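**Q**
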Amino acid sequence: MTQLHPLDAQIRAVLADHGRLNQNAETIAADDDLYQAGMTSHASVNVMLALEGTFEVEFPDHMLTRKVFASVETIRSALIELGVS
Amino acid sequence: MTSCDPSGRRVKFLANCTRDPRIGGRQKATGDTYHAQLQGECDFEFGHVARPKMTHCANRVAEARGSPSSLRVGIDIVRIEHVRESLAHFGDRFIRRLFSPQEVHYAMKSIGLAAERLAARFAAKEATLKAFEMSNVGIDWREIEVVKLPSGACRLALHGRAAAVVAETEVSEIVLSLTHDGDYAAAVVTAMGVATASRTRAQSQ
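Protein chains in written order, with this note's numbering: chain P, 1 to 85; chain U, 86 to 290.
See the structure below:
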């Protein structure tokens, strides 16, 4: 069984509130494509803003890509890159 | 000069558009609808022809095998209510991250239409990202700007990295069309390659 990363619960909570997913954000696989799960480009902006508020970070321009917000895993990697632990 | 513009040259792309008189009568009833004219006004030098991979969100038509991409299309649709909710939840942060001061000024001139206008502009930004396959480049949304002129005409103005990416494609003309009606706002961005544009003009003469 995959071990849950400590950041994932907060990321999933943000996705549940703002991702407009057609699946349960709590149970979606960490590497599942969030866009395939119903997240629109506008919803991904809301997710980005909510993550910034939750983790008190700011995503720089080079991270404002579709890939960064494509899955729980890629979001987690981006947050870690921004110094969130 | 910006970090996206190492050559120091000005990289800015403008696509002018004007109100389409054929749909002028509907505009008052349904909101702003713009139809772009092909004017191809630009002030950057063309670089090499970029050949990015086809993605799910961009349609390109090559005229013949081996020819450069000659037509790009991007489309996006946004639920206006969702933008209204973003405004309510994130407020100024949502506005400042996505829209230029000019876009905000125009949208807020009519409070009753602010969400509609911002939704149409967001759709235009996303349609531009799709048309030029920039979804994974890392673009500040404010670098893709919808400019509305006092005459009622609108145009797409690209800045910074967005302008630099477009400058690397063989594009001479960009067409922008916006609409909002009822629950939705939508935008279509079409860009024509130099070869296609020249041929189209020659055929029409």
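Don't be surprised by glycine CBs; every beta carbon is placed ideally from N, CA and C. A quick note: this is a predicted structure, and the numbers were derived from the prediction, not measured.
For residue 35(P), which of helix, strand or coil comes out of DSSP?
**A** Position 35 of the first sequence, counted from the first residue, corresponds to residue 35(P). Looking at residue 35(P) - three-state DSSP - the assignment turns out to be coil, as it is neither helix nor strand.
**Q** Return the chain-ordered ranges of every alpha helix (DSSP H) run that is complete within the stretch 147 to 219 of chain U and spans a minimum of 4 residues.
**A** The stretch 147 to 219 of chain U contains these whole alpha helix (DSSP H) runs: 165 to 175, 177 to 183, 186 to 193 and 199 to 216.
**Q** Can you pull the DSSP bridge partners for residue 262(U)?
**A** As a working note, residue 262(U) is residue 177 in the second sequence. Beta-bridge pairing links residue 262(U) to 273(U).
**Q** In terms of residues, what are the limits of the beta strand (DSSP E) holding residue 231(U)?
**A** Locating residue 231(U) in the second sequence gives position 146, where the first residue counts as 1. 229 to 233 is the extent of the beta strand (DSSP E) around residue 231(U).
**Q** Can you give me the C-alpha to C-alpha distance between residue 66(P) and residue 169(U), rounded to a whole angstrom?
**A** Residue mapping note: residue 66(P) aligns to position 66 of the first sequence, counting from 1. Residue mapping note: residue 169(U) aligns to position 84 of the second sequence, counting from 1. The alpha-carbon atoms of residue 66(P) and residue 169(U) are separated by roughly 23 Å.
**Q** In its own chain, which residues sit with a C-beta less than 8 Å from the C-beta of residue 195(U), not counting the 5 before and 5 after it?
**A** The sequence position of residue 195(U) within the second sequence is 110, counting from 1. Here the set comprises 202.
**Q** Just reading off the alpha helix (DSSP H) that residue 76(P) is part of, what are its end residues?
**A** As a first step, residue 76(P) is located in the first sequence; it is residue number 76 there, counting from the start. Element bounds for residue 76(P): 72 to 81.
**Q** Looking only at its own chain, which residues have a Cβ that is under 8 Å from the Cβ of residue 185(U), when we skip the five neighbours before and after it?
**A** If you number the second sequence from 1, residue 185(U) lands on position 100. Excluding sequence neighbours, residue 185(U) sits near 227 and 230.
**Q** I need the straight-line Cα distance from residue 74(P) to residue 7(P), nearest angstrom please.
**A** Mapped onto the first sequence, residue 74(P) falls at position 74. Mapped onto the first sequence, residue 7(P) falls at position 7. Distance between the alpha carbons of residue 74(P) and residue 7(P): 12 Å.
**Q** Closer than 8 Å, CB to CB, is residue 161(U) near chain P or not?
**A** Sequence index remark: in the second sequence, residue 161(U) carries index 76 (1-based). Yes, residue 161(U) lies at the interface with chain P (some Cβ there is under 8 Å from its Cβ).
**Q** Just to confirm my understanding: we take residue 4(P), look at its own chain, exclude 5 residues before and 5 after, and list those with CB closer than 8 Å. What are they?
**A** Residue numbering aside, residue 4(P) sits at position 4 when the first sequence is read from its first letter. Once the five neighbours on either side are set aside, residue 4(P) has no close Cβ partner at all.
**Q** Would residue 159(U) and residue 61(P) qualify as a contact pair, given that the criterion is a beta-carbon distance under 8 Å?
**A** Along the second sequence, read from residue 1 onward, the residue named residue 159(U) stands at position 74. Along the first sequence, read from residue 1 onward, the residue named residue 61(P) stands at position 61. Cβ atoms of residue 159(U) and residue 61(P): not closer than 8 Å.
**Q** Which term fits residue 178(U), buried or exposed, when burial requires 16 or more other beta carbons within 10 angstroms of its beta carbon?
**A** In the second sequence, counting from the first residue as 1, residue 178(U) sits at position 93. By the neighbour-count rule (16 or more Cβ atoms within 10 Å), residue 178(U) is not buried but exposed.
**Q** Which of the three DSSP states, helix, strand or coil, is assigned to residue 240(U)?
**A** Residue 240(U) sits at position 155 when you count from the first residue of the second sequence. Strand, per DSSP.
**Q** To the nearest angstrom, how far is the alpha carbon of residue 84(P) from that of residue 19(P)?
**A** Here the question's residue 84(P) lines up with position 84 in the first sequence. Here the question's residue 19(P) lines up with position 19 in the first sequence. Straight-line Cα distance between these residues: approximately 21 Å.
**Q** Does the beta carbon of residue 63(P) sit closer than 8 Å to a beta carbon anywhere in chain U?
**A** Position 63 of the first sequence, counted from the first residue, corresponds to residue 63(P). Yes, residue 63(P) counts as interfacial toward chain U.
**Q** Strictly under 8 Å for the Cβ-Cβ distance: is residue 225(U) near chain P by that measure?
**A** In the second sequence, residue 225(U) corresponds to position 140, counting from 1. At least one chain P Cβ lies under 8 Å of residue 225(U).
**Q** Going by CA-CA distance only, name the one from 255(U), 215(U), 190(U) and 262(U) that's closest to residue 279(U).
**A** For the purposes of this step, residue 279(U) is identified with residue 194 of the second sequence, where counting begins at 1. The shortest Cα separation from residue 279(U) among 255(U), 215(U), 190(U) and 262(U) belongs to 255(U).
**Q** Find out if the Cβ-Cβ distance for the pair residue 34(P), residue 9(P) is shorter than 8 Å.
**A** Counting from 1 along the first sequence, the entry for residue 34(P) is found at position 34. Counting from 1 along the first sequence, the entry for residue 9(P) is found at position 9. In this structure, residue 9(P) does not lie closer than 8 Å to residue 34(P) by Cβ.
**Q** Can you pull the DSSP bridge partners for residue 14(P)?
**A** What you label residue 14(P) is simply residue 14 of the first sequence in a count that begins at 1. In DSSP, residue 14(P) forms no bridge with anything.
**Q** Let me know the secondary structure DSSP gives residue 257(U) once reduced to three states.
**A** For the purposes of this step, residue 257(U) is identified with residue 172 of the second sequence, where counting begins at 1. Residue 257(U): strand per DSSP, three-state reduction.
**Q** Between which two residues does the alpha helix (DSSP H) containing residue 246(U) stretch?
**A** Along the second sequence, one-based indexing puts residue 246(U) at 161. Element bounds for residue 246(U): 245 to 252.
**Q** Comparing the CB of residue 166(U) with every heavy atom of the ligand ATP, is any distance shorter than 7 Å?
**A** Annotation note on the ligand ATP: not contained in the displayed structure, which lists no ligands.
**Q** Does residue 49(P) have its Cβ less than 8 Å from a Cβ in chain U?
**A** Residue mapping note: residue 49(P) aligns to position 49 of the first sequence, counting from 1. Yes, contact with chain U.
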